[in-house]
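Everything on this sheet refers to the single structure shown next.
There are 4 protein chains.
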Amino acid sequence: MLSQTKPFLSHPFDDDKLKEECGVFGVIGVQDAANFVALGLHALQHRGQEAGGIVAYDAEHGFNSARRFGYVRDNFTKASLMETLPGSNSIGHVRYSTSGSKGQTAIRDVQPFFGEFSLGGCAIAHNGNLTNAESLRKELISRGSIFQSSSDSECIIHLIARSYQSTLPERLKDALRRVEGAFSVIAQTRTKLIGVRDALGVRPLVLGKLADGWVLSSETCALDIIGAEFIREVEPGEMIIASANGIESSYPFEKAKPRPCIFEHVYFSRPDSILGGQSVYETRRRIGVELAKEAPVEADLVCPVPDSGTPAAIGFSQESGIPYAMGIIRNQYMGRTFIEPTEQIRNMGVRLKLNVNRALIKGKRVILVDDSVVRGTTSRKIKEMILDAGAAEVHFRIASPPTAWPCFYGVDTPQREKLLAATMSEEEMRHHLEVASLKFVTLDGLYRACGVETGRDKASPAYCDACFSGEYPVKPVDQIENGFLMKAAE
Amino acid sequence: MLSQTKPFLSHPFDDDKLKEECGVFGVIGVQDAANFVALGLHALQHRGQEAGGIVAYDAEHGFNSARRFGYVRDNFTKASLMETLPGSNSIGHVRYSTSGSKGQTAIRDVQPFFGEFSLGGCAIAHNGNLTNAESLRKELISRGSIFQSSSDSECIIHLIARSYQSTLPERLKDALRRVEGAFSVIAQTRTKLIGVRDALGVRPLVLGKLADGWVLSSETCALDIIGAEFIREVEPGEMIIASANGIESSYPFEKAKPRPCIFEHVYFSRPDSILGGQSVYETRRRIGVELAKEAPVEADLVCPVPDSGTPAAIGFSQESGIPYAMGIIRNQYMGRTFIEPTEQIRNMGVRLKLNVNRALIKGKRVILVDDSVVRGTTSRKIKEMILDAGAAEVHFRIASPPTAWPCFYGVDTPQREKLLAATMSEEEMRHHLEVASLKFVTLDGLYRACGVETGRDKASPAYCDACFSGEYPVKPVDQIENGFLMKAAE
Amino acid sequence: MLSQTKPFLSHPFDDDKLKEECGVFGVIGVQDAANFVALGLHALQHRGQEAGGIVAYDAEHGFNSARRFGYVRDNFTKASLMETLPGSNSIGHVRYSTSGSKGQTAIRDVQPFFGEFSLGGCAIAHNGNLTNAESLRKELISRGSIFQSSSDSECIIHLIARSYQSTLPERLKDALRRVEGAFSVIAQTRTKLIGVRDALGVRPLVLGKLADGWVLSSETCALDIIGAEFIREVEPGEMIIASANGIESSYPFEKAKPRPCIFEHVYFSRPDSILGGQSVYETRRRIGVELAKEAPVEADLVCPVPDSGTPAAIGFSQESGIPYAMGIIRNQYMGRTFIEPTEQIRNMGVRLKLNVNRALIKGKRVILVDDSVVRGTTSRKIKEMILDAGAAEVHFRIASPPTAWPCFYGVDTPQREKLLAATMSEEEMRHHLEVASLKFVTLDGLYRACGVETGRDKASPAYCDACFSGEYPVKPVDQIENGFLMKAAE
Amino acid sequence: MLSQTKPFLSHPFDDDKLKEECGVFGVIGVQDAANFVALGLHALQHRGQEAGGIVAYDAEHGFNSARRFGYVRDNFTKASLMETLPGSNSIGHVRYSTSGSKGQTAIRDVQPFFGEFSLGGCAIAHNGNLTNAESLRKELISRGSIFQSSSDSECIIHLIARSYQSTLPERLKDALRRVEGAFSVIAQTRTKLIGVRDALGVRPLVLGKLADGWVLSSETCALDIIGAEFIREVEPGEMIIASANGIESSYPFEKAKPRPCIFEHVYFSRPDSILGGQSVYETRRRIGVELAKEAPVEADLVCPVPDSGTPAAIGFSQESGIPYAMGIIRNQYMGRTFIEPTEQIRNMGVRLKLNVNRALIKGKRVILVDDSVVRGTTSRKIKEMILDAGAAEVHFRIASPPTAWPCFYGVDTPQREKLLAATMSEEEMRHHLEVASLKFVTLDGLYRACGVETGRDKASPAYCDACFSGEYPVKPVDQIENGFLMKAAE
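Spelled out as structure tokens, the structure:
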């Protein structure tokens, strides 16, 4: 497979978080739309830090694109680059990485993907993951399609190319009816900006209004940055077409009960976004309240693991009455990996990002609130730092249930064996982390914090919670064939 | 004057904060000392983001140096560069900018400065500002010295070169007895690492121990990152010489009552540092407590202006009982300036960095806690964002007294006319910012938070608080001559 | 169409030479083949300076590729890049630019092109031009192929993808039977290196042997650089397959009388190459001899226009007895365009590259020997430089007939109207250039120098000489439709 | 000593040529003078390829400078850089490297050097070498001067700083009276452009006129590139001051018989320059004529070793009647070092630069004309290439006498032991190179070609020919002390 070297920014915690693979953003109907797309992608950077791309269309210059490794701020802020992306119709994409490539993405894998068809050009940007991509790719290649990337999302472009429908939106529907899995797709033709969500609505997608134009975005926080008005979410199963004629809506797929991803509330989405009608920050604060109710403990301080544990820690403090404090300080200039000078310094990686507020912690019983535990490697290091600084006791409170199953719908999860909760009970994990106590919020507690007062309805859950429950709403065909779920099958 | 173009990272708030001009760090007695210095400078990056430099000495390769514009993480993490800095004796410097140059620094102005003398080479890194530099420079040039930079700190190197003392430490004493103003200096000879603080101890400097070696640093947080033990502060007026023979201490200057900078507690130092025997975080939290006592107000939420207002906001919430909340979310990927697409979007600069948590703020009476008000430009924009998001009322509480006077001891302050508090009363400022209320902590309240229970002793204050009081402990000779203090002189 | 900005090196003479569009090079059966390909492409750099690409295959790492703008020496010499191209089977390509793009090539247009088929991957590198590419592209798109470049050569990859043959070599034959025009193609599968020339053999391609492996190259000079043995030319219409089993030869196309490009002898090929069994240097020297016979003139010095006029100038001097001299000195550090300081300096472009040897030229009658005249702009400037330096007379002798027709077989020629010889007689050109005399070698003289003692056989010429005669051996279908030959059609 | 990594371009022949260490160029009295300086330095690039620097002065912006590693064309062609060098008074320098540093120069060593004095700023650029620099440096340091580079030329700036004269030109005279060795210096004050040559006039320096302004340059070829008129050489021992008042001339040093460097005629200067009133090209052609008279041989072809052997080969052919031919072709895209693929390819370095014209050479007796033999390594490789290509015999004719002594006046020569001619007789060298014959032009022949019809006057030679004769016109004090001449002292 064609690949090339690229700079790779690695953060010490990167291997111990689930990572959203993508953010998408599109604007139609305002001049120099690509500049707005750059700003939108910047606000969505937390959804994908590896690379980004923007396509823009202009009647005079046609479709133009730019793809770059690295942060939006480091690439799409240069006038010399942005001038190559003229037009009032533009879409963009930030990505983390594909499941297939091992830490090395070719620039060809960076979306949006583009195809020149007899009906004109079309670009697409995809957030999610297709569970039948491998079978589709094989079939398309045997029929003469040439793939340029290792990305599953490229199938969509080839399916469009081979559709016999007479308009691009109809061809896109045709194509998306063939794929399985999770997708929030933004597409762009010469005159239209199109947004589609799969029938389950696993990944988010929202509609906004900016002056006379329209905006599609993974999250509302990216509408705020450009001053766009939040209109509504694109519904699960809905296709929205924005053009000079306004908005058209249709439902091209078979109806299904929505199952949006619950981990978006726990970690992926930014706290200032509104998701499913709820403040993400407030949901996280309420998880802290639930945790304090479910798993109280006597202590002197409640400290967040920055920054993602902060809202739940505030909630925990408010419910428990134990003072909230910044026991761990984050270095805001975190970046590339430094050369670690000698063996004598263990855990340098974590220290580059975090430092314990020693004077505060010394002699205290500390409750640490984190959003999730994936491999547990970071939790161990943080516990050590806190104890090294003289804490009397460390209690972990985790703002999500144990993460025990991989996600196949657009999230980068380690192999199941690497997930701490896949092989250990809560007590075994506590023992492994060597902490005074360790408690996860329950699935019911999490659902309550998300606004489902009655907790999780086992017969028909309101969210996709497969990473906690192992109940996959779409059967991951290719993945089962490839043995990714071996352990689960036992 | 020789100068060259350089990349310049500008943050939207940069013109509305006082900026520390420097951080210094040195290590002796451990292998590959420059790698430790890089880590230390990274932890001190908040003290100077414009450029950084490292010098290292090794018997085989002599003195080597590297100076770079930009963040430590982007330069001093490359093996190809670090390999050019071998040796077990190394010092480094991060800088913001000199008062002289207008947003444009030559790489020649980046410290450490180096001189090859008949007694061997010597490098120095200086945090502070010399108030008689201009007169010294004129005199030295007339006697045949050739200046390579526009930096005042270079005077020290030339004074060393012209001293008739027979050792480099004695020559350094000679040189520093000639200069006036504030200085925390780290110097390096082939076999010694030297730290000196001026007699008032305006800028901080601490001593640490790492294995068999010694460390000097502007702040303790940089000891933590490399796992060094914090031994003690270098005393005001003290010179410490670290070498294979251990530590020697002497007091080369005329004794004076110490006047360390109080703004280090308010804003400059990192919250996880220990300064003057106190936790910076805890001091800031206590300022919030003082503020809540001095200036209470009925409201629904206490929100920090991130990140520097956070500890005081926590203290204010704890004292007042009003819930603490993250009403403003900071984008952690902030970087270069984006191309602002159209006129229709005002305040893009602030939005790139901050976003209001709209769902939380709507309809609420909000207390915003910030560390200081300099020009007031940012405060206005934040207030607008909060009101746009639907807040019912906005109350500002400021964790420092009004900043009404420029600093001449190593801090970049705007001209006095640009300081909001230099021309307006508190009520005029409230009116200007268009907020429901605005209160600053009193000087006495600030001193109490800093541990002086009796408040400020007017006859003999424990700190340099010239930026608040206009009382300058060292007469800024050159500056008065140049009219910088015109207004103050009235 | 997708495009991106790129650095563009412009030479002052670039707009006044015909430019070969490509060089191709491939190696199989030796370790780290890509390093040899880099060297081969470096030796072929004169055939294309805009960009280069290399693909390499290795059983463990699959197909890997790198494409870069700029010289081979500036890109494919870095260990970090070459390490990404492991394997013992590799092909490469240097290119000038396509007729379609206006001085701006996307990196996607840089060959080799690659396709992943159900039969495995295949890369191709193409020297030449397809005269029916536009029609083919339209047809392929309508059937669902997605083009990634604006290059005509990409058609070949899609035709391979859609062929029903059961091996890649058979599919390549299938594909090449569909295309018209000139092609020397190198292709690479996992186990084979394939070379094909069109039935007329317009563009060159040679076979070499290196240790146990095989080499294909546009010219023999690139065999020399890696120490490979020159075996023979690939025959017009021949396909050669090199693999672990040795060499297989076949003739997949309808037989035709060969018509290799005569301009390769005049200018494109390097003088140290052997082409059609003849030394290119010797042919050029003989053109000078022919010129001296056909167009003698009394003069003091024979000077080449460096470097391409040198061999003919030597021949002219030897035949005429007039001393050969370096009247014009070339700056060997020629590169990017300098900022031209003021209006007062005309012709800076030429002066950057050439300088007149003033002391030598002064007062002399000078014969200038150049390889060709395209637009005549450079000839005028050189004449002015020579006269400014005090020459008594300037006589031009051109080592090719008047260039009056565009080439459609892989050479970048200006529109016909821009060719000086398309609109002027020899005498009009002499008048236009303001020189004492101007003579071109005759077509018969050129053929004689090329070894056809009887001159050009009008009924059945031994070479493609369409640029001089307007007789196109393959009808340029698309081009006539597009009006490129409007004038010719008159 | 302070140093830093830098890119280093190495050519395969670099270690087998003597290398001029510098070229200097200055312009006063024309707008945007730095652009002209960039062009002039480009024309002098053959005198130093490692690095270049330009200083420009403008009343508004003061003195500005830029120093860069690499070619002039790659650095001083960017508008963004050239805009930082405004003004109508500018000087520049290209350098090869200092004798002291081992293939690694710090950017601080790149000239021009600059000093800010009480009389105003002054920049200098120096071509040559000071034989008492080491002693001067020690003395200056002991008196408090701080050196910023490892370059000997920096002494001049410090001597200016310490002079008590009341004008900068007088201070420069003062300074230059203290130094020994060879120097052609260009200096620049705010209002003056100054050129000085040492009393022997070892290194060249010429004066030109451009519109209302003045130009100083190492060679006349750099006047041509900007269209400046060649006025005359700066005389040995002369100081010329160009300003708005025109030209002033003075002779500050003790008178001496001039001894300009004869190797400038042999190799250093460009063939299109006029040196000492003679065409460099014509002198080299005449050396070939002398060689053909002194050392005739029967052969089929006379071939130059490109490019420096070309004029002498033309002369040899003209005198001998043996046809001149390009037996060796040079790759004009020569650049960085490629990765050499395997052991099987010997001499790749040479092949990257040169290729034998095999078809021409085969079976022929070949006379190779080269400018000089230093270590002989390249000569051996070229001989092998020629024989590998099938030549019957190889005869070397060298256009200079045997190079047997190091140069201490600004030329980079290997240690004496490495000079082939220092340890071998002509016959031993012939045997070592394994060629049919080897002949060097005699010193008398060389003097005749340089216009001294009577040959070399042993009592009082017209040139410095120490590299051939070992007779040093200035005693190299430091070098003898350091043992550089050990062998010579025997």
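Chains A, B, C and D supply the protein sequences, listed in that same order. Counting from 1, one number per residue, gives the positions in the first sequence under UniProt numbering. Counting from 1, one number per residue, gives the positions in the second sequence under UniProt numbering. Counting from 1, one number per residue, gives the positions in the third sequence under UniProt numbering. Counting from 1, one number per residue, gives the positions in the fourth sequence under UniProt numbering. Even for Gly, the Cβ is constructed at its ideal location relative to N, Cα and C.
Q. In or out: B/E154 buried (at least 16 other Cβ within 10 Å) or exposed?
A. Counting from one through the second sequence, the residue named residue 154 of chain B turns up at place 154. The residue is buried, with at least 16 neighbouring Cβ atoms inside 10 Å.
Q. Between which two residues does the alpha helix (DSSP H) harbouring D/A462 extend?
A. Here the question's residue 462 of chain D lines up with position 462 in the fourth sequence. Here D/A462 belongs to no alpha helix (DSSP H), and DSSP marks it neither H nor E.
(Q) Any C-beta of chain D within less than 7 Å: which residues of the stretch 150-163 of chain C qualify? (A) none
**Q.** Interface flag, C/Q332 vs chain D, CB-CB below 8 Å
**A.** Numbered from 1 along the third sequence, position 332 holds the residue referred to as residue 332 of chain C. Output row for C/Q332: interface = yes.
Q. When we look at the beta-carbon of D/G100 and count the other beta-carbons within 10 Å, is it buried (16 or more) or exposed?
A. Within the fourth sequence, the letter at position 100 stands for residue 100 of chain D. Bear in mind that a pLDDT of 41 at D/G100, under 50, signals an unreliable position, so the model cannot answer this.
Q) Among residues of its own chain, excluding the 5 on either side of D/V394, which ones have a beta-carbon nearer than 7 Å to its beta-carbon? A) By one-based count along the fourth sequence, residue 394 of chain D stands at place 394. So the qualifying residues of the chain are V366, L368, K383, I386, L387, V435, A436.
(Q) Check this for me: beta carbons of B/A125 and B/G92, under 8 Å apart or not? (A) Indexing the second sequence from 1 puts residue 125 of chain B at position 125. Indexing the second sequence from 1 puts residue 92 of chain B at position 92. Yes, they are a contact pair.
Q.
Beta-carbon within less than 6 Å of D/T84's beta-carbon, same chain only, minus the 5 sequence neighbours each way: which residues are those?
A. Counting from 1 along the fourth sequence, the entry for residue 84 of chain D is found at position 84. Closer than 6 Å at Cβ, skipping near neighbours: N64.
Q: State the beta-bridge partners of B/A187 as determined by DSSP.
A: Taking the first residue of the second sequence as 1, we reach residue 187 of chain B at position 187. BP columns for B/A187 point to B/I124, B/I194.
**Q.** D/R108 beta carbon less than 8 Å from that of D/E50
**A.** Counted from its first residue, the fourth sequence places residue 50 of chain D at position 50. Counted from its first residue, the fourth sequence places residue 108 of chain D at position 108. Not in contact: D/E50 and D/R108 (Cβ atoms no closer than 8 Å).
Q. Would A/L200 be called buried (16 or more neighbouring beta carbons within 10 Å of its own) or exposed?
A. In the first sequence, counting from the first residue as 1, residue 200 of chain A sits at position 200. Buried: at least 16 other Cβ atoms inside 10 Å.
Q | Where A/K458 falls, given that 16 or more other Cβ within 10 Å makes a residue buried | A | Here residue 458 of chain A corresponds to residue number 458 of the first sequence, with the count starting at 1. Flag for A/K458 reads exposed.
Q: Check whether the Cβ atoms of B/F25 and B/S218 lie closer than 8 Å to each other.
A: Sequence index remark: in the second sequence, residue 25 of chain B carries index 25 (1-based). Sequence index remark: in the second sequence, residue 218 of chain B carries index 218 (1-based). Yes, these two residues count as a Cβ contact at 8 Å.
Q. Where A/T189 and A/C122 are concerned, what is the direct C-alpha to C-alpha distance, given to the nearest angstrom?
A. Within the first sequence, residue 189 of chain A is the residue found at index 189, counting from 1. Within the first sequence, residue 122 of chain A is the residue found at index 122, counting from 1. Spanning the two alpha carbons is a distance of roughly 5 Å.
Q: May I ask which residues mark the beginning and end of the alpha helix (DSSP H) holding B/M429?
A: The residue you call residue 429 of chain B lines up with position 429 of the second sequence. 426-433 is the span of the alpha helix (DSSP H), which, as asked, contains B/M429.
Q) So, using beta-carbon positions, are B/L210 and B/V30 closer together than 8 Å? A) The residue given as residue 210 of chain B occupies position 210 in the second sequence. The residue given as residue 30 of chain B occupies position 30 in the second sequence. Yes, the pair counts as a contact, with Cβ atoms nearer than the cut-off.
Q: With DSSP as the reference, please indicate the residues paired to D/L159 in a beta bridge.
A: Locating residue 159 of chain D in the fourth sequence gives position 159, counting from the first residue. Paired residue(s): none; D/L159 is not in a bridge.
Q. Near A/I231, which residues of its chain fall below 7 Å by C-beta distance, leaving aside the five closest residues on each side in sequence?
A. Position 231 of the first sequence, counting from 1, holds the residue named residue 231 of chain A. Answer for A/I231: L207, G208, K209, listed in chain order.
Q: Ignoring anything shorter than 4 residues or poking outside the stretch 389-458 of chain D, list the alpha helix (DSSP H) runs there in chain order.
A: For secondary structure counted as the alpha helix (DSSP H) over 4 or more consecutive residues, the stretch 389-458 of chain D holds these complete runs in sequence order: 420-423, 426-433, 443-449.
Q | Paired residues, beta bridge with C/P306 - DSSP | A | Mapped onto the third sequence, residue 306 of chain C falls at position 306. Answer is none; C/P306 lacks a bridge partner.
Q. Pick from C/A66, C/V55, C/V72, C/R68: whose alpha carbon is nearest that of C/H46?
A. What you label residue 46 of chain C is simply residue 46 of the third sequence in a count that begins at 1. The shortest C-alpha separation from C/H46 is found at C/V72.
Q. Can you find a CB in chain D that lies within less than 8 Å of the CB of C/N355?
A. In the third sequence, residue 355 of chain C corresponds to position 355, counting from 1. With 8 Å as the cut-off, C/N355 counts as an interface residue toward chain D.
**Q.** Secondary structure of B/I241, DSSP reduced to three states
**A.** Counting from 1 along the second sequence, the entry for residue 241 of chain B is found at position 241. In the structure shown, B/I241 sits in a strand (DSSP, three-state: E or B).
Q.
Output needed for A/P306: all residues of its chain with C-beta closer than 8 Å, excluding positions within five of it in sequence on either side, in chain order.
A. For this step, residue 306 of chain A is matched to residue 306 along the first sequence. Result list for A/P306: M326, I328, I329, R330, L354, in chain order.
Q. Per DSSP, what kind of secondary structure is D/V27 in: helix, strand or coil?
A. Reading the fourth sequence from its first residue, position 27 is the one you call residue 27 of chain D. D/V27 carries a strand assignment under DSSP once its states are collapsed to helix, strand and coil.
Q. How would you write the range of the alpha helix (DSSP H) that C/K173 sits in, first residue to last?
A. Locating residue 173 of chain C in the third sequence gives position 173, counting from the first residue. Unbroken alpha helix (DSSP H) run through C/K173: 168-178.
Q: List the whole-angstrom C-beta distance separating B/S226 from B/L44, where the pair is believed to meet the contact cut-off of C-beta under 8 Å.
A: Position 226 of the second sequence holds residue 226 of chain B. Position 44 of the second sequence holds residue 44 of chain B. A small fix is needed here, since residue 226 of chain B is Ile in this sequence, not Ser. About 12 Å separates the two Cβ atoms, so there is no contact after all.
Q: Alpha carbon to alpha carbon, how far is D/F263 from C/L420? Give it in angstroms, no decimals.
A: As a first step, residue 420 of chain C is located in the third sequence; it is residue number 420 there, counting from the start. As a first step, residue 263 of chain D is located in the fourth sequence; it is residue number 263 there, counting from the start. Their Cα atoms are separated by approximately 46 Å.
Q. Of all the residues that make up the stretch 115-126 of chain B, which are near chain D by a beta-carbon distance shorter than 7 Å?
A. G115, E116, F117, S118
Q | A/A79 versus B/I339: straight-line alpha-carbon distance, rounded | A | Within the first sequence, numbered from 1, the residue matching residue 79 of chain A stands at position 79. Within the second sequence, numbered from 1, the residue matching residue 339 of chain B stands at position 339. A/A79 and B/I339: Cα-Cα distance of roughly 7 Å.
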